[in-house]
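A.B. asks: Quick one: this structure, given as structure tokens, is what I'll be asking you about.
There are 2 protein chains.
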Amino acid sequence: MTDRNRRRVTSADVARLAGVSRATVSYVLNETPGQTISADTRGRVLDAAARLGYAPSAAARTLRTGRSEVVLCLLPDWPIGPEVGRMLGNLSTALARQGLTLVAHPGNREDRPITEIWKAITPAAVIAFADFSEGEIEAMHAAGVALVVALFGRGPQRGRRELEMPQQRVGRRQAAHLAATGHRRIGYAYPDDDRLLIFAEPRLAGVREELQERRLPGPAVETVALDPDQAADCVRRWHAAGITGVCAYNDEVALAVLAGVRKLGLAAPADLAVIGVDDIPPARLAAPALTTVTTDQVAMASYLSATVVAAISGKPGPAVPISDLIRLVRRESA
Amino acid sequence: MTDRNRRRVTSADVARLAGVSRATVSYVLNETPGQTISADTRGRVLDAAARLGYAPSAAARTLRTGRSEVVLCLLPDWPIGPEVGRMLGNLSTALARQGLTLVAHPGNREDRPITEIWKAITPAAVIAFADFSEGEIEAMHAAGVALVVALFGRGPQRGRRELEMPQQRVGRRQAAHLAATGHRRIGYAYPDDDRLLIFAEPRLAGVREELQERRLPGPAVETVALDPDQAADCVRRWHAAGITGVCAYNDEVALAVLAGVRKLGLAAPADLAVIGVDDIPPARLAAPALTTVTTDQVAMASYLSATVVAAISGKPGPAVPISDLIRLVRRESA
DNA sequence: CTGTTAGCGCGTTCAA
DNA sequence: TTGAACGCGCTAACAG
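So the sequence lines, in the order shown, correspond to chains A and B. Residue 512 in our numbering sits at position 302 of the first sequence; the count goes up by one each step and never skips. Residue 443 in our numbering sits at position 233 of the second sequence; the count goes up by one each step and never skips.
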């Protein structure tokens with residue numbers, strides 16, 4: 211039944227079967243405003259298209275309109291967890307509502323330069339976790355990419371820094387909770403992976419700010435690896451220094467701290483309170499259940515989506531929604 | 211300095227600056243075999259292209275050649291963890307070596323149908339986690355997609371089932387370890403999420419097979435939610451039924467079982483041995499450290515990549531590498 | 001109001 | 001090394 215090696219079905223095929231011109235097909239299928247097509251013709255075209263299984267060539271359309279409906283997200287080269295996954299899902303949904311398709315490119319550092327990637331896609335916009343170089347932004351605009359957004363990154367840059375502020379607030383929230391529950395000497399568990407620095411720096415900065423505002427001493431920073439023994443060493447040092455509460459970079463690091471605490475025969479939060487970030491599933495399954503801070507991914511995604519849509523259509527983006535983005539999930543560890 | 215609203219740089223611009231025809235530009239830039247271009251001309255073209263920052267339009271190229279360099283991966287709508295992330299990264303690298311660009315689409319079920327997605331991309335191949343319907347496969351081929359691969363799925367289907375077998379082996383490996391360490395009555399911790407069924411079924415089937423071969427009673431299956439209390443109920447039932455070892459669907463479920471064990475004041479592996487799948491970072495940080503089974507993502511990715519590349523070029527794919535894909539990470543819980 | 005003709009957008013490739 | 005046609009959908013201009 212199915213012819214294996216037939217040509218693509220084009221709008222010309224539909225036109226032929228419907229007995230109309232290609233232009234008419236286009237008008238009907240796109241519901242072009244300002245064009246009046248009789249219900250009869252409409253029906254014939256629609257019918258023919260359905261019968262043939264017509265799918266317009268994205269390439270041709272993109273070529274003609276100079277704009278694709280695709281938004282490209284360049285993923286960071288560090289391991290992406292469920293949080294990023296959720297965020298992408300939400301963003302995808304939000305963009306889909308605007309007729310945009312989100313695709314993500316998993317960026318391994320050994321891969322060819324990102325140039326190759328957007329060249330192959332011709333996206334309407336590019337969203338990345340790290341900064342772009344001036345040259346890259348240059349080149350993308352030259353290639354017709356409307357918008358380039360960097361989610362995180364340091365240094366003066368033309369790309370917007372849409373999500374950096376929330377990251378700092380995450381840190382502040384952690385510190386605030388610890389301070390509010392009576393902790394005075396606080397530690398920070400920094401991740402053992404340079405690639406996470408774009409996230410870790412603003413979070414740590416947030417902790418610093420919060421402590422400063424409350425006139426508490428700055429955090430005792432330890433780099434903690436995802437290993438019970440190494441984490442135990444850090445815990446020992448914190449304990450010896452009179453630290454009673456620790457903000458961890460994320461839940462995984464917090465879990466490592468908890469493992470260290472257990473290893474030393476100590477208890478959380480009695481000997482050391484621990485608070486993470488993300489609320490990954492294992493957090494509530496830890497011993498003790500991990501207190502953590504999450505961001506409202508749905509709100510974040512729809513904000514980001516609005517920014518992208520606005521920028522593509524040349525309008526100014528929405529204001530950053532500062533409130534209610536961050537939530538504390540209080541469990542047992544702090 | 212940078213003109214904000216200039217036109218795209220096209221091959222015509224390069225041709226003009228280099229003082230040659232567009233055809234020549236194309237030949238030089240693509241290093242078309244069978245064409246002889248003088249070193250001088252070559253140099254001028256290359257130089258002009260670089261000076262203008264020329265990036266060929268992917269859309270035009272795709273339109274003309276009828277084939278894009280993009281491989282689209284349709285992600286499942288369940289939360290993707292670090293394992294899938296790693297796999298995508300590896301696959302991306304492997305495909306990049308072949309000149310293909312991998313992009314992933316995070317598929318939320320509320321999104322528009324997948325049709326919209328490949329229409330917007332025109333990929334050379336589509337890889338998906340779940341099965342496609344006959345109609346979808348039909349439509350994709352009609353739209354010029356060369357290859358459609360379903361990674362998992364049940365039912366007779368034209369799409370290949372490239373990774374299903376390894377999943378069964380994962381289950382077998384879990385059961386084999388438990389059996390080898392003296393367990394006779396074994397439980398299976400099934401995930402509390404219907405969307406995971408495509409993974410869960412083959413894994414459970416693998417456990418069943420292994421037990422059957424060893425003439426042991428079939429697994430006592432419990433659906434365990436990611437919640438300490440509910441997990442404790444399951445553990446209680448297992449314990450009462452004389453089950454001494456449990457294979458969990460994945461590490462998260464295993465962590466839940468472990469939480470249940472602790473909750474009841476029992477100990478792992480003394481009262482109940484637990485073995486997971488994936489080796490997520492929290493696994494080694496659990497109490498006790500979780501024994502688990504992993505698959506060699508790099509090998510898997512390069513195998514999958516080879517399959518895609520072969521199929522795109524019309525050659526038969528490589529054989530499934532059955533050996534050394536699955537590794538046991540033995541820690542304390544089993 | 002209905003629908004058609006014609007040409008564009010851009011890289012590729014055959015025939016000259 | 002080049003002119004010219006092609007792949008496919010969009011849309012301004014135009015004719016019934």
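C-beta: ideal position from N, C-alpha, C; glycine also.
#1: List the residues of chain B whose Cβ lies closer than 8 Å to the Cβ of A/VAL280, in chain order.
#2: Of the choices A/GLN308, A/ALA349, A/ALA334, A/LEU514, whose alpha-carbon is the least far from that of A/VAL280?
#3: Quick one: grab the DSSP three-state call for B/ILE536.
#4: When you compare only the Cα positions, how much space is there between A/VAL313 and B/ALA356?
#5: Around the C-beta of B/THR454, are 16 or more other C-beta atoms found within 10 angstroms, so that it is buried, or is it exposed?
#6: With C-beta atoms as the reference, is B/VAL487 less than 7 Å away from B/VAL503?
#7: Who are the neighbours of A/THR272 on chain B, taking C-beta pairs under 7 Å?
#8: Name, please, each residue of chain A whose Cβ falls closer than 9 Å to the Cβ of B/ARG446.
#9: Give, in chain order, every residue of the region 308-319 of chain A whose Cβ lies closer than 8 Å to some Cβ of chain B.
#10: For A/ALA360 versus A/ALA386, is the C-beta spacing smaller than 7 Å?
#11: By a C-beta neighbour count over all protein chains shown, 10 Å radius and 16 as the cutoff for buried, is B/SER248 buried or exposed?
#12: Could you check which residue in A/ARG541, A/VAL456, A/THR246 has the C-alpha nearest to that of B/PRO438?
#13: Applying a beta-carbon distance threshold of less than 7 Å, which residues of chain A neighbour B/PRO492?
#14: Locate the beta strand (DSSP E) running through A/GLY397, then write down its first and last residues.
#15: Decide yes or no for the touch test of the region 457-472 of chain B against the region 390-402 of chain B: beta carbon pairs closer than 8 Å, at least 3 of them.
#16: In this structure, how does DSSP classify B/ALA529 when only helix, strand and coil are distinguished?
#17: Listing by chain order, which chain A residues have their CB less than 7 Å from the CB of B/ARG296?
#18: If I measure Cβ to Cβ from A/GLY452 and keep anything under 6 Å in the same chain, skipping five residues before and after, which residues do I get?
#19: Could you tell me the distance, in whole angstroms, from the CA atom of A/LEU298 to the CA atom of B/GLY229?
#20: I'd like the span of the alpha helix (DSSP H) that includes A/LEU298, first residue to last.
#21: Rounded to the nearest angstrom, what separates A/ARG447 and A/LEU482 at their Cα positions?
#22: Under 8 Å between beta-carbons, which chain B residues line up against A/ALA509? List them in chain order, please.
#23: Mind listing the chain A neighbours of B/PRO438? Cutoff is C-beta to C-beta under 8 Å, in chain order.
#24: Buried or exposed: B/THR275, going by 16 or more other Cβ atoms within 10 Å of its Cβ?
#25: Residues of chain A with CB closer than 9 Å to the CB of B/GLY397, please, in chain order.
#26: At the level of alpha carbons, what is the spacing between B/GLN422 and B/GLY428?
#27: Which value, in whole angstroms, describes the spacing of the CA atoms of B/ARG277 and B/GLU432?
#28: Please report the straight-line C-alpha distance between B/VAL467 and A/ASN300, rounded to a whole angstrom.
#29: When burial is assigned at 16 or more other CB atoms within 10 Å of the CB, is B/GLU420 buried or exposed?
#30: For B/ILE522, which residues in the same chain have their Cβ closer than 7 Å to its Cβ, ignoring the five residues on either side in sequence?
#31: Starting from A/ILE337 and walking both ways along the beta strand (DSSP E), at which residues does that stretch end?
#32: List, in chain order, every chain B residue whose beta-carbon is nearer than 9 Å to that of A/ARG472.
#33: Secondary structure at B/ALA497, three-state DSSP: helix, strand or coil?
#34: Under a CB-based cut-off of 7 Å, is A/PRO366 close to chain B?
#35: Please classify A/ARG537 as buried or exposed, where buried requires at least 16 other C-beta atoms within 10 Å of its C-beta.
#36: Quick one, which of B/ARG405, B/ARG424, B/VAL417 has its alpha-carbon nearest B/ALA430's?
C.D. replies: With the structure as the only source:
#1: On the first sequence, position 70 is the one that residue 280 of chain A refers to. Neighbours of A/VAL280 in chain B, taken as residues at a C-beta separation under 8 Å, are given in chain order as ALA330, ILE331.
#2: Position 70 of the first sequence, counting from 1, holds the residue named residue 280 of chain A. Closest by alpha carbon: A/ALA334.
#3: Translated into the one-based positions of the second sequence, residue 536 of chain B becomes position 326. Strand, per DSSP.
#4: Residue 313 of chain A sits at position 103 when you count from the first residue of the first sequence. Residue 356 of chain B sits at position 146 when you count from the first residue of the second sequence. In a straight line, the C-alpha of A/VAL313 is about 19 Å away from that of B/ALA356.
#5: The sequence position of residue 454 of chain B within the second sequence is 244, counting from 1. Looking at its Cβ environment, which holds 16 or more other Cβ atoms inside 10 Å, B/THR454 is buried.
#6: On the second sequence, position 277 is the one that residue 487 of chain B refers to. On the second sequence, position 293 is the one that residue 503 of chain B refers to. The Cβ-Cβ distance between B/VAL487 and B/VAL503 falls below 7 Å.
#7: Position 62 of the first sequence, counting from 1, holds the residue named residue 272 of chain A. What A/THR272 touches in chain B: ALA269.
#8: The sequence position of residue 446 of chain B within the second sequence is 236, counting from 1. Using a Cβ-Cβ cut-off of 9 Å, B/ARG446 is close to nothing in chain A; its nearest Cβ partner there is about 17 Å away.
#9: Within the region 308-319 of chain A, the residues whose Cβ lies closer than 8 Å to any Cβ of chain B are, in chain order, THR311, LEU312, VAL313, ALA314, HIS315, PRO316, GLY317, ASN318.
#10: Within the first sequence, numbered from 1, the residue matching residue 360 of chain A stands at position 150. Within the first sequence, numbered from 1, the residue matching residue 386 of chain A stands at position 176. Between A/ALA360 and A/ALA386, the C-beta gap is not smaller than 7 Å, which leaves the two residues out of contact.
#11: Here residue 248 of chain B refers to the residue found at position 38 when the second sequence is read from its first residue. Classification for B/SER248: exposed.
#12: Within the second sequence, the letter at position 228 stands for residue 438 of chain B. Nearest C-alpha to B/PRO438: A/ARG541.
#13: To locate residue 492 of chain B, count along the second sequence from 1; it is residue 282. Going along chain A in sequence order, the residues near B/PRO492 (Cβ under 7 Å) are GLU462, LEU465, PRO492.
#14: Within the first sequence, numbered from 1, the residue matching residue 397 of chain A stands at position 187. Start and end: 396-401.
#15: The region 457-472 of chain B is in contact with the region 390-402 of chain B.
#16: Counted from its first residue, the second sequence places residue 529 of chain B at position 319. DSSP places B/ALA529 in coil when its eight states are reduced to three.
#17: As a first step, residue 296 of chain B must be located in the second sequence, where it is residue number 86. Taking a Cβ-Cβ threshold of 7 Å, the residues of chain A close to B/ARG296 are PRO289, in chain order.
#18: Here residue 452 of chain A corresponds to residue number 242 of the first sequence, with the count starting at 1. Within the same chain, A/GLY452 has close Cβ partners ARG395.
#19: Start at 1 with the first residue of the first sequence, and residue 298 of chain A comes out as number 88. Start at 1 with the first residue of the second sequence, and residue 229 of chain B comes out as number 19. Distance between the alpha carbons of A/LEU298 and B/GLY229 is about 46 Å.
#20: Taking the first sequence and counting its residues from 1, one reaches residue 298 of chain A at position 88. Its alpha helix (DSSP H) spans residues 292-306.
#21: Translated into the one-based positions of the first sequence, residue 447 of chain A becomes position 237. Translated into the one-based positions of the first sequence, residue 482 of chain A becomes position 272. Roughly 12 Å separates the two Cα atoms.
#22: The residue given as residue 509 of chain A occupies position 299 in the first sequence. Simply none; closest approach about 16 Å.
#23: Translated into the one-based positions of the second sequence, residue 438 of chain B becomes position 228. What B/PRO438 touches in chain A: ARG494, LEU495, ALA499.
#24: As a first step, residue 275 of chain B is located in the second sequence; it is residue number 65 there, counting from the start. Answer is exposed; the Cβ neighbour count stays below 16.
#25: Within the second sequence, the letter at position 187 stands for residue 397 of chain B. Within chain A, no residue has its CB atom less than 9 Å from the CB of B/GLY397, the nearest being about 18 Å off.
#26: Locating residue 422 of chain B in the second sequence gives position 212, counting from the first residue. Locating residue 428 of chain B in the second sequence gives position 218, counting from the first residue. Between the alpha carbons of B/GLN422 and B/GLY428 lies a distance of about 7 Å.
#27: Translated into positions along the second sequence, residue 277 of chain B becomes position 67. Translated into positions along the second sequence, residue 432 of chain B becomes position 222. C-alpha separation (whole angstroms): 48 Å.
#28: Numbered from its first residue, the second sequence carries residue 467 of chain B at position 257. Numbered from its first residue, the first sequence carries residue 300 of chain A at position 90. Approximately 30 Å, taken between the alpha carbons.
#29: Start at 1 with the first residue of the second sequence, and residue 420 of chain B comes out as number 210. The residue is buried, with at least 16 neighbouring Cβ atoms inside 10 Å.
#30: Along the second sequence, read from residue 1 onward, the residue named residue 522 of chain B stands at position 312. Excluding residues within five positions, the ones whose Cβ falls inside 7 Å are ALA334, ALA335, ALA356, LEU357.
#31: As a position in the first sequence, residue 337 of chain A is number 127, starting the count at 1. Note, A/ILE337: beta strand (DSSP E), 335-338.
#32: Here residue 472 of chain A corresponds to residue number 262 of the first sequence, with the count starting at 1. Neighbours of A/ARG472 on chain B, chain order: ALA497.
#33: The sequence position of residue 497 of chain B within the second sequence is 287, counting from 1. Looking at B/ALA497 - three-state DSSP - the assignment turns out to be coil, as it is neither helix nor strand.
#34: The sequence position of residue 366 of chain A within the first sequence is 156, counting from 1. Any answer about A/PRO366 is weak, because its pLDDT of 42 lies below 50 and its placement is not dependable; what the coordinates show is given next. It does not: the Cβ of A/PRO366 has no partner Cβ on chain B nearer than 7 Å.
#35: On the first sequence, position 327 is the one that residue 537 of chain A refers to. The residue is exposed, with fewer than 16 neighbouring Cβ atoms inside 10 Å.
#36: As a position in the second sequence, residue 430 of chain B is number 220, starting the count at 1. Selected option, being the one with the closest Cα: B/VAL417.
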